[in-house]
Amino acid sequence: DSGVTQTPKHLITATGQRVTLRCSPRSGDLSVYWYQQSLDQGLQFLIQYYNGEERAKGNILERFSAQQFPDLHSELNLSSLELGDSALYFCASSVSVQDSNYGYTFGSGTRLTVV
Amino acid sequence: DAKTTQPPSMDCAEGRAANLPCNHSTISGNEYVYWYRQIHSQGPQYIIHGLKNNETNEMASLIITEDRKSSTLILPHATLRDTAVYYCIVRVAFAQGGSEKLVFGKGMKLTVNP
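Protein chains in written order, with my numbering: chain W, 6 to 120; chain F, 418 to 531.
Written out as structure tokens, the structure is:
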């Protein structure tokens with residue numbers, strides 16, 4: 006158990022639908038990162054939040070949005086889903102208040118299948 | 418972030434040392450070398466990182482050349498469970514509140530054979 010919790014582990018939904026993926030970071034970590042991993046694209050950075058504020062944005066589609074709440078958990082919202090959105094979605098957290106500089110701790114991911 | 422070059426794949430016999438190379442010829446003075454691995458479809462796992470000196474932890478050793486243009490990750494006694502995709506990444510140090518994201522390349526597939 007890495008300490009980063011992602012729910013649900015698996016999600017199957019139809020095209021056009023909307024889903025929400027949830028991430029609870031490791032205790033003390035203020036930054037949350039979202040990554041998408043599809044078969045042919047590798048790990049793609051989507052977005053980063055730090056202490057509730059958006060800090061960096063990657064190749065995130067306009068149909069996707071995210072937020073980080075006061076308790077530091079984060080949600081990734083995916084709407085108007087397409088078949089190509091089928092992928093593994095990983096959340097990672099980093100940088101405890103002790104500033105460990107040990108990089109990211111990843112969750113076990115949510116496997117999204119759009120049918 | 419500076420680019421890294423890794424071979425696409427490597428095989429290793431179980432019980433032997435696995436030496437995973439990485440070239441990072443454009444690395445800057447303030448950039449660290451980080452290694453992560455991803456076993457099957459699990460979340461990537463931090464292995465080790467270093468700046469100039471060689472580093473060792475319970476998982477692996479990291480050897481960085483004096484000119485810092487390349488490095489080698491060493492798994493001293495590879496097991497079947499070490500079969501994974503290994504990512505070599507160079508980047509500046511993490512800072513609280515910083516926006517420097519971790520950029521993953523294609524990595525290198527290590528297969529440990531019985």
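From the three backbone atoms N, C-alpha and C, an ideal C-beta is built for every residue, glycine too.
| Query | Result |
| --- | --- |
| Is it right to say Val102(W) is buried, meaning 16 or more other beta carbons lie within 10 angstroms of its own, or is it exposed? | Its pLDDT being 41, under 50, Val102(W) is placed unreliably by the model, and nothing is read from it. |
| The beta strand (DSSP E) with Ile450(F) in it runs from where to where? | The question names Ile, but residue 450(F) is Val in the sequence shown. Residues Glu448 to Gln455. |
| Exposed or buried, what is Val120(W) when buried is set at 16 or more other beta-carbons lying within 10 Å of its beta-carbon? | exposed |
| Among the residues of its own chain, which have a CB less than 6 Å from the CB of Gln61(W), if the five just before and after it don't count? | Looking at the sequence shown, residue 61(W) is not Gln but Ala. Correct list, in chain order: Gln53. |
| Could you tell me which residues DSSP pairs with Phe521(F) in its beta bridges? | DSSP, once it has assigned bridges, lists no residue as partnering Phe521(F). |
| Would you list, in chain order, the members of the region 454-465 of chain F that have their beta-carbon closer than 9 Å to a beta-carbon of chain W? | Gln455, Ser458, Gln459, Gly460, Pro461, Gln462 and Tyr463 |
| Are the CB atoms of Asp34(W) and Ser85(W) within a distance shorter than 7 Å? | no |
| Tell me the residue span of the beta strand (DSSP E) that contains Ala435(F). | Ala435 to Asn440 |
| Near Ala92(W), which residues of its chain fall below 7 Å by C-beta distance, leaving aside the five closest residues on each side in sequence? | Gln41, Gln42, Ser43 and Leu117 |
| By the DSSP assignment, the beta strand (DSSP E) with Phe95(W) in it spans what residues? | Ala92 to Ser99 |
| Take Glu87(W) and list the residues in its own chain whose beta-carbon comes closer than 7 Å to its own, dropping the five residues that flank it on each side. | Thr20 and Val119 |
| Can you tell me whether Asp90(W) is buried or exposed? The criterion is at least 16 other CB atoms within 10 Å of its CB, across all chains shown. | buried |
| Would you identify the three-state DSSP class for Arg498(F), choosing helix, strand or coil? | helix |
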